[in-house]
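Quick note: the sequence shown uses the working numbering, first residue 1461, plus one each step.
Built from N, CA and C at the ideal position, the CB exists for glycine as well.
Just below is one structure, and these are the notes that go with it.
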Amino acid sequence: MNYQPGAQPGPNYEHPAAAQPLAPLKHSGLGIASFIMSILALLGYFAAFFLIIAAIGQAIDNPANIEEALMDSSAAILGIIAIFGAGIINLIALILGIVGLVLKNRKKVFAIIGTVLSSLSVVMIIFFYIVVTLQQV
1461 MNYQPGAQPG PNYEHPAAAQ PLAPLKHSGL GIASFIMSIL ALLGYFAAFF
1511 LIIAAIGQAI DNPANIEEAL MDSSAAILGI IAIFGAGIIN LIALILGIVG
1561 LVLKNRKKVF AIIGTVLSSL SVVMIIFFYI VVTLQQV
């Protein structure tokens, strides 16, 4: 081997990094699923909020039997079902987002956004639950 400083490499020489082309990273499928599910959960929470407000608006017409009117209201029942459904979707989105963050060799943008939206929703639901519970005491 003839090593000469400053000499050009031979015609058959390949740079080691050139042998392994870097493929662009793909988005995490679990992160995308987390993002979409967290958006769906937020829409479910908004739908539940408006359904319950509509049920309260109908029940206010008869203040003597407001509890009975709310229990007989289909809007209130659908609102409660929507809250629980959105909560389940939200927890699944949170789990998928965390798993999407752990995956290697994947873009994590959607996993981060899905995890943040899901965790903010969970924190807000817990906060509202605590506020309502403390008001009943």
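- Secondary structure note for residue 1508: its alpha helix (DSSP H) is the uninterrupted segment 1489-1519.
- Counting every other CB atom within 10 Å of its CB across the protein chains shown gives residue 1584 a total below 16, marking it as exposed.
- Each of 1574, 1536, 1535 was checked against the Cα of residue 1550, and the nearest Cα belongs to 1574.
- Scanning its chain for C-beta atoms nearer than 6 Å, with the 5 sequence neighbours on each side dropped, one finds around residue 1507 the residues 1542, in chain order.
- Burial state of residue 1483 is exposed, judged by a 10 Å Cβ sphere holding fewer than 16 other Cβ atoms.
- Ranked by Cα distance from residue 1536, the options 1547, 1525, 1511 are led by 1511.
- Under DSSP, residue 1564 takes part in no beta bridge, so it has no partner.
- Between the stretch 1482-1496 and the stretch 1559-1572 there are three or more C-beta pairs closer than 8 Å, enough to call the two in contact.
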